[in-house]
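Read top to bottom, the protein sequences are chains A and B. Note that the numbering used here has the first sequence beginning at 432, numbered continuously upward. Note that the numbering used here has the second sequence beginning at -12, numbered continuously upward. Ideal placement from N, C-alpha and C gives every residue a C-beta, glycine not left out. Bear in mind that the values here come from a model prediction, so they are computed numbers and not experimental data.
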Amino acid sequence: MTETDAPLLEVRNLVKHYRDGSGATLRALDDVSLTVRRGEVVGIVGESGCGKTTLGRAVMRLIEPTSGQIRLQGVDFAALSGRALKAARRQVQMIFQDPFGSLNPRHTVGTIVGEPLVVHGVPGGRARVAELLDLVGLPADAAARYPHEFSGGQRQRIAIARALALDPALIIADEPVSALDVSIQSQIINLIVALRARLGLSMIFISHDLSVVRHVSDRVGVMYFGKLVELAPADRLFADPRHPYTRALLASVPRPVKEVVASKRAGGGLAAPTHGEVPDPTDPPPGCAFHLRCPLAVDRCREAVPPLADVAPGHAAACWRA
Amino acid sequence: MVLGTPPGAQGSAPPAADGDRPVPATARAPILSVENLSLSLRGTPLVEDVSFSVAPGEMLGLVGESGCGKSVTALSVMGLLPTPPIAVSGGRVLFEGRDLARLPQPEMRRLRGRAIGMIFQEPMTSLNPVFTVGSQIAEPIRIHEGLSERAALARAADLLDRVGLPNPKAQLARYPHQLSGGQRQRVMIAIALACSPKLLIADEPTTALDVTVQAQILALIDGLRRDMGLACLLITHDLGVVAEICDRVCVMYAGRIVEAGPIVEALGAPRHRYTCALVDTIPSSNPPGTPLPSIPGNVPPPGARPAGCAFAERCGAALDRCRAEPPPIARDGARAFACWNPA
């Protein structure tokens, strides 16, 4: 394999354990392996507590993984420290959910967007800031203004400009459109899709919203209870989900409006929901964590944890019945 | 003709024939009729001339983006508006013939939690953390119906069973922090149902929940209104949820209802340009990776709403007239809309 064929990011057996007050171990990330190729957008979906945000933050080294490897451009990011870590961090930037909490209200937009350049000692700050603001569709005079003067959608543009400042190899976007109204959400999704095409961005796109993830991602990973339970090209995952949890998730999402209307015209009603809730994370069930809610569960599912294994080329699922 | 009220629901006009499709529930007399309601904040209009009605067994969705006035409208129905600073500047909120907008607080308190049940978005902050689930469900039963603690707790256990909480007797002694988000929302629904209300107001009841739990809670609310003939007013920003669960919808924009009608018509073939844009802009309406038909600009805030149609500035089909004059209400079958240049 040559240098250029190697994946941009290779996460191997990543584990993050927390201890709660009573000393019980909470497995936020349980043996997650994932690759991101150059120019690829990998979507991560799952419900609260599934570990998707922990995954993004661990890859960023905003939280220290308990064990596992994070190889970025061939270098083990998880083993770096000090100056080497700071230098490597240039390569990974993050966009957060809350455009109100993630921008310092006392700094001008110019300072916010230019800060990564200052931190990493990159010259030519002012011109680069102007270029970045233009790139994300903000007026040049935005640089002198403060975050409170902007709407939620515009603030998310500011956060995107900041993330792009250092030309990172990888962007981690954690619920970047979840706090926005639908009419603004589509503006930001379009911006992300356009920037990706223009700059060849590589991205991990984390969201609870399947329709948003489907829209922007090349491949999609589904997480449940700290594990990656299915990983496939986006079109395959939505057309032929193999893990019963993925199917439950897809069945729970409100259908496209046109589809609902067609079903209502034909006298259809609500689909039956999947029963049960996610188990207590400090007291995981034996075997597959989904077996308590799974319509297909057999004895083996209650006993042994299924590995993430290929069910078709490029399509993996962690299910004994897939 | 009033936007958001089905034909036949007002006065003595017969229900409009609507092809060969029966229009469920709308033939019944409404239990709640909001008529030309206007609300203002220190003289700034928040909600203008809003009218809708809900009949027993019917689910009406009030949908719109942040700041459109949907939540403040719901609060006015519940008599929970902070007055002042917010004032009812016009219109009526008729519930069983009484105008809730002008009902004195002691009388409103007798209705709220009894004839009108409420569920809010945040089940953690809406429940009291220092009282057990049982005592919180029993409280309205004791207050409104004068039952003993023991009888009220027995009813509370029945209610928990009804909302799908396993092992209801044991749940009575638990505290909110011991429950998951979905379980808390089930407890909230049990409290709302405690005194067999006629009207249920649900303000973003599933917005804080995960999708699989959201589907469970929506199915629960849908089942309750069908079994108990409950009139439901669902307030949400999520067009997908409204389409799935509601019979009719009122789409709000900048303080006004811009389009209202049965889901199949108002969302299936919208006439108002804002409704069209809203349906078209959501990712699930578009092939993956393609540019979403986005709506430029932002919602005008209260106090800065333009003279004509409030959507004109963001509308791809706006005419000169749209910016000059507010559009009148037009009818098309069972649906009504306010647009000068409809789709």
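Residue 219(B) sits in a strand when the DSSP states are folded into three classes. Within chain A, the residues whose beta carbon sits less than 8 Å from that of residue 278(B) are 621, 624, 625, listed in sequence order.
Take residue 470(A), set aside five residues on each side of it, and the residues of its chain with a beta-carbon closer than 7 Å to its own are 631, 633, in chain order.
For residue 705(A), the closest alpha carbon among the candidates 160(B), 200(B), 299(B) is that of 200(B).
Chain-ordered, the chain B residues with CB closer than 7 Å to the CB of residue 618(A) read 281.
By the criterion of a C-beta distance shorter than 8 Å, residue 644(A) is surrounded in its chain by 474, 475, 476, 636, 638, 651, 665, once the five residues flanking it on both sides are discounted.
When C-alpha distances from residue 490(A) are compared across 514(A), 480(A), 525(A), the shortest belongs to 525(A).
Secondary structure at residue 588(A): helix, using DSSP grouped into helix, strand and coil.
The residues 437, in chain order, have a CB closer than 7 Å to that of residue 505(A) in the same chain once the five nearest residues on each side in sequence are set aside.
Under the Cβ criterion (8 Å, minimum of three pairs), the stretch 87 to 98 of chain B does not count as touching the stretch 246 to 259 of chain B. Residues 304, 306 of the same chain have their beta carbon placed closer than 6 Å to that of residue 328(B), with the five preceding and five following residues left out of the count. The beta carbon of residue 72(B) is closer than 7 Å to those of 28, 29 in its chain, skipping five residues each way along the sequence.
The continuous beta strand (DSSP E) containing residue 444(A) extends over residues 440 to 450. Sequence-distant partners of residue 549(A) (beyond 5 residues in either direction) whose C-beta falls short of 8 Å from its own C-beta, in its chain, are 556. Secondary structure at residue 229(B): helix, using DSSP grouped into helix, strand and coil. The C-beta of residue 661(A) has 16 or more other C-beta atoms within 10 Å across all chains shown, which makes the residue buried. DSSP places residue 500(A) within a strand segment (E or B) once states are collapsed to three.
No Cβ of chain A is located within less than 8 Å of the beta carbon of residue 23(B).
For residue 105(B), the closest of 33(B), 183(B), 136(B) by C-alpha to C-alpha distance is 183(B). Using a C-beta cut-off of 8 Å, the stretch 292 to 300 of chain B makes contact with the stretch 236 to 243 of chain B, since at least three inter-stretch Cβ pairs fall below that distance.
Here residue 237(B) is bridged, per DSSP, to 49(B), 247(B). Of the residues assessed, residue 40(B) falls on the buried side of the cut-off, its CB having 16 or more other CB atoms within 10 angstroms.
With contacts defined as CB atoms closer than 8 Å, residue 212(B) and residue 44(B) qualify as a contacting pair.
Restricting attention to alpha helix (DSSP H) runs no shorter than 4 residues, the stretch 639 to 716 of chain A encloses them at 641 to 647, 665 to 670, 675 to 683, 688 to 696, ordered along the chain. With contacts defined by Cβ atoms closer than 8 Å, residue 680(A) and residue 209(B) do not form a contacting pair. Note on geometry: alpha-carbon atoms of residue 522(A) and residue 461(A) lie some 25 Å from one another.
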